[in-house]
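This report concerns only the one structure given below.
Number of protein chains: 2
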Amino acid sequence: MKEHVVGIDIGGTKLATVVADKTGHILGKVRKPTHSEKGPEYAIGLLFDMVREVVSQVGLEQTSISAIGVSCGGPLDTKTGIVYSPPNLPGWDALPLKALLESEFQVPVIIENDANASALAEFRFGGGRGYSAVLYMTMSTGIGGGIVIDGQVYHGANDSAGEVGHQILLPNGPRCGCGKRGCLEALCSGPAIARRAQAALQKEQKGGKSPTALLTLTDGRIEAIKSEHVLAAARTGDALALELVQETAYYMGWGIANLVNILNPDIVLLGTIAVAAGDLLLDPIRETVSNFAMTRPAEAVHIAPAELGDALGDLAAVALVV
Amino acid sequence: MKEHVVGIDIGGTKLATVVADKTGHILGKVRKPTHSEKGPEYAIGLLFDMVREVVSQVGLEQTSISAIGVSCGGPLDTKTGIVYSPPNLPGWDALPLKALLESEFQVPVIIENDANASALAEFRFGGGRGYSAVLYMTMSTGIGGGIVIDGQVYHGANDSAGEVGHQILLPNGPRCGCGKRGCLEALCSGPAIARRAQAALQKEQKGGKSPTALLTLTDGRIEAIKSEHVLAAARTGDALALELVQETAYYMGWGIANLVNILNPDIVLLGTIAVAAGDLLLDPIRETVSNFAMTRPAEAVHIAPAELGDALGDLAAVALVV
Chain A
852 MKEHVVGIDI GGTKLATVVA DKTGHILGKV RKPTHSEKGP EYAIGLLFDM
902 VREVVSQVGL EQTSISAIGV SCGGPLDTKT GIVYSPPNLP GWDALPLKAL
952 LESEFQVPVI IENDANASAL AEFRFGGGRG YSAVLYMTMS TGIGGGIVID
1002 GQVYHGANDS AGEVGHQILL PNGPRCGCGK RGCLEALCSG PAIARRAQAA
1052 LQKEQKGGKS PTALLTLTDG RIEAIKSEHV LAAARTGDAL ALELVQETAY
1102 YMGWGIANLV NILNPDIVLL GTIAVAAGDL LLDPIRETVS NFAMTRPAEA
1152 VHIAPAELGD ALGDLAAVAL VV
Chain B
852 MKEHVVGIDI GGTKLATVVA DKTGHILGKV RKPTHSEKGP EYAIGLLFDM
902 VREVVSQVGL EQTSISAIGV SCGGPLDTKT GIVYSPPNLP GWDALPLKAL
952 LESEFQVPVI IENDANASAL AEFRFGGGRG YSAVLYMTMS TGIGGGIVID
1002 GQVYHGANDS AGEVGHQILL PNGPRCGCGK RGCLEALCSG PAIARRAQAA
1052 LQKEQKGGKS PTALLTLTDG RIEAIKSEHV LAAARTGDAL ALELVQETAY
1102 YMGWGIANLV NILNPDIVLL GTIAVAAGDL LLDPIRETVS NFAMTRPAEA
1152 VHIAPAELGD ALGDLAAVAL VV
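Chains as they are written, first to last, in my numbering: chain A, 852 to 1173; chain B, 852 to 1173.
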């Protein structure tokens, strides 16, 4: 009886393989560094070993695995299973990941970009349960997104749907990693929040203002400021940090309001930074959405933190095959 | 044999009823003024008569009608069939349109907002044929939208999906009919183009510039300028009109680029003004989309004029039931 599945989570810094039962309950896990500088051959060989290792770790035979789900940075083609040069995986150029895994393990393999797989996991196991239109947005080093409609990932014409972080809000704004200017990601990702904080601190310093609580968190080193410090200082009531949080919420709320008008989701689930920040960030986001979105879709939408936390990567891969 | 359907197109100024065969071929049509000032009771009574009239006009019995499709201004609830106070239909407050028609004619009735029904018609009979992700955008007195995925209208949580004209580009921009500021509609609808043209002409006049070709089209009356005049003057090479077209294309392209990143459509079909303008407007829109959207979804998308022209309203209603 093939009652188990394998999930593979491929990131730029770490690889993970898990075994889960058909309800998504995770029974075992193996985790190793990707060493992305060694290229795809090394990583693929390592993944083959890690699949075998995790299956034997939970006391199963390879023959009891019914399918493998793979969550991987995009762009990738879900139909052919080919990965096209993800920014965090140098050398993975037109890599036939699905075919390689199917040939090695002789089971069906489903690959999906990590944001879409995460959205599906939140729909199956997390905050999206029971909703028919779910939008999940990462909020960490980048702002990605996944759309789940009636339980299915919405892929669009060529698996590029859900690039919600690259909607442009300020065409003359800060440069984004994608090469454009003023994308939501260039304003509200972790590094973008840190950049805005550093710029504000430099301005304060030049103006001769007394140092804010924010700066004491990094012993006065402006260049060491991260989004975590902004949140921590905001929680202590630091005025500059609170202003930065409000500004982040304004841009996030504006971007989400546009998404609410376009997609009319039941729920928007926000990851990582929003989970860490909680209502400190979510409340002003909700307020901006209610100001900027049309009344009817604004009334329908819930804006909430993602629920799966550290389990998200594993469950993202597993959600594809259970 | 019930081989025919009735389509009802409800607008603020006119009502139309048509009979079509199962392939969407329209066999007869009745058209009358809505007289929206007389309220819904008058219009509903008139519609009942117009349905009977068009059926007998084509030589059929009421019993040969299998279903009625209704395209109507939203907001409305497609499941309950209740219409909620469309701006162009005063007094249609929580009107149970589907129930009224079903009770009168004893056939299934499907109601849909006009932009969604139009998107479906373009998918079934027009420029969207053969594509799995179709975005249709009206571009006339307002900018509405409809999303058709795998042949089905995408409704979202409460039938409000596709409000693409109310994505906000300039939060401090011109006031929109929806009450917000700087929506795509407030920048690129027909009245918005006219407003921008009038403002530019007033500025030129104050600056003592010699009158542009644009102004000669309305015998010098700035307040009479419409978007049609801007297009006509641009075609003759008038510099100011060309600048206004470029500006319109910039905002449209920016908004569509965001939609391309979010929805990854196979095709974006643009109605009315874009149909009239053709490549004069579409080419600079395409250029802006290619500058502002991510490479992969930008490569996948076609941007084209809608194809159904004056037949759109009738086919929108019919597409719901064939």
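Think of the CB as a built atom: it goes at the ideal place given N, C-alpha and C, for glycine as much as any other residue.
- For M1145 (chain B), no alpha helix (DSSP H) segment is defined, and its DSSP state is neither H nor E.
- Shown here, M901 (chain B) sits in a helix according to DSSP, grouped into three states.
- Interface with chain B (9 angstroms Cβ-Cβ cutoff): S983 (chain A) is included.
- Membership of N964 (chain A) in the beta strand (DSSP E) is indicated by the continuous run 960-964.
- The CB of F1143 (chain A) comes closer than 8 angstroms to the CB of I1019, P1022, K1031 in chain B, given here in chain order.
- If only complete runs of 3 or more residues are kept, the segment 972-1000 of chain B shows the beta strand (DSSP E) at 984-988, 996-1000, in order along the chain.
- At a C-beta separation below 7 angstroms, P941 (chain B) has no neighbours in chain A, since its nearest C-beta there lies roughly 18 angstroms away.
- A970 (chain A) is positioned such that its CB atom lies no closer than 9 angstroms to that of G932 (chain A).
- Between N1009 (chain A) and chain B, the shortest Cβ-Cβ separation is below 9 angstroms.
- Shown here for P884 (chain B): same chain residues with a beta carbon closer than 7 angstroms to its own, the five before and five after excluded, namely T864, K865 in chain order.
- In the displayed model, P941 (chain A) falls within coil according to three-state DSSP, outside both helix and strand.
- In the DSSP assignment, V1096 (chain A) falls within the unbroken alpha helix (DSSP H) covering 1090-1114.
- When C-alpha distances from N1112 (chain A) are compared across B:K949, B:H1017, B:D860, the shortest belongs to B:H1017.
- Cβ atoms of T1067 (chain B) and Y1101 (chain B) stay farther apart than 8 angstroms, at about 26 angstroms.
- In this structure, DSSP gives T914 (chain B) a helical state, which the three-state scheme calls helix.
- A1127 (chain A) is positioned such that its CB atom lies no closer than 9 angstroms to that of L1133 (chain A).
- D928 (chain A) is bridged by DSSP to A:I933.
- Of the residues B:R903, B:G1007, B:T929, the one whose Cα lies closest to the Cα of V921 (chain B) is B:T929.
- Contact note: G1071 (chain B) does not reach chain A at a C-beta cutoff of 9 angstroms; the least C-beta distance is about 35 angstroms.
- Just so you know, the alpha carbons of I1000 (chain A) and K949 (chain A) end up roughly 24 angstroms apart.
- If you look at D1165 (chain B), you'll find it in the alpha helix (DSSP H) that goes 1163-1170.
- From the listed residues A:K889, A:K1057, A:T874, A:F1143, the smallest Cα separation to R1032 (chain B) is found for A:F1143.
- Among the CB atoms of chain B, none fall inside 9 angstroms of the CB of N967 (chain A).
- For the set B:L1095, B:T992, B:L1110, the Cα lying nearest the Cα of R1047 (chain B) is the one of B:L1095.
- Here L1038 (chain A) is not near T1123 (chain A), since their CB atoms are 9 angstroms or more apart.
- At a beta-carbon threshold of 9 angstroms, none of the residues of chain B lie near D928 (chain A); the nearest stands roughly 10 angstroms away.
- In the same chain as A1075 (chain B), and ignoring 5 residues on each side of it, the C-beta atoms closer than 7 angstroms to its own belong to T1069, in chain order.
- Counting the other Cβ atoms within 10 Å of the Cβ of N964 (chain B) gives 16 or more, which makes it buried.
- Taking the Cβ atoms as the reference, D860 (chain B) lies roughly 5 angstroms from A1168 (chain B), within the contact range of under 8 angstroms.
- Residues of the same chain with a CB within less than 7 angstroms of the CB of A1085 (chain B), apart from the 5 flanking positions on each side, are A1092, L1093, V1096, L1131 in chain order.
- Here Y1005 (chain B) has I998, A1012 as same chain residues with Cβ atoms under 6 angstroms from its own Cβ, once five neighbours each way along the sequence are excluded.
- Taking 8 angstroms as the upper bound on Cβ-Cβ separation, chain B lies near residues W1105, A1108, N1109, L1110, N1112, I1113, L1114, N1115, P1116, D1117 of the segment 1088-1122 of chain A.
- Our two residues, N1009 (chain B) and I961 (chain B), have alpha carbons roughly 16 angstroms apart in a direct line.
- For G1041 (chain B), the enclosing alpha helix (DSSP H) covers residues 1041-1057.
- Here H1153 (chain A) carries a strand assignment [DSSP, helix/strand/coil].
- Annotation: the continuous alpha helix (DSSP H) that includes I1124 (chain A) extends over 1123-1128.
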